[in-house]
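Comments concern the structure below.
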Amino acid sequence: NSTRIEYRSPDPATNPYILFALMLKAGLDGIKNRIMPPEPMHENAYWMEASNPIGNSLERYPRDLQEALEEMTRDPLVVETMGEYVFNCYLISKQKEWDQYAECVNGWEIRKYLRRL
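So the sequence shown is residues 17 to 133, counted in this note's numbering.
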């Protein structure tokens, strides 16, 4: 009757130091504030999310970097953990990255819309 936590790295390209600091701080915050974890899930999360995204208890992660940045700015624990200076530098850097990505025209857009012009 043991319980385990499964760790899946959110993004292998992330800064591992910031990631680990945020995960550790979130865990300690949960202990300090006695946040009750959700009920154990015995289903395969990959299949559950794909087959029934609305009828399950999984929270949806941000779909893109812009949405992730918006979520990040709403979480005071992130600012507290990273420190205001590092947080702001990181936010500016990632916003520039998103802006560069959003300006790119990809192959799908060309195939989908160029025929219409």
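We put the CB at the ideal spot given by N, CA and C, even for glycine.
- In the structure shown, the three-state DSSP call for T97 is helix.
- Three or more beta-carbon pairs drawn from the segment 86 to 101 and the segment 38 to 56 are found closer than 8 Å, and the two stretches are therefore classed as touching.
- Rounded to the nearest whole angstrom, the CA to CA distance from N17 to K48 is 25 Å.
- Contact between T19 and P56 holds, with the beta-carbon distance rounding to 7 Å and staying under 8 Å.
- Three or more pairs of CB atoms, one per stretch, sit closer than 8 Å, so the segment 107 to 119 contacts the segment 79 to 92.
- Across the set T89, L93, R131, D27, the C-alpha of L93 shows the shortest separation from the C-alpha of D45.
- Between Q111 and L85, the C-beta spacing is below 8 Å.
- The continuous alpha helix (DSSP H) containing P32 extends over residues 32 to 48.
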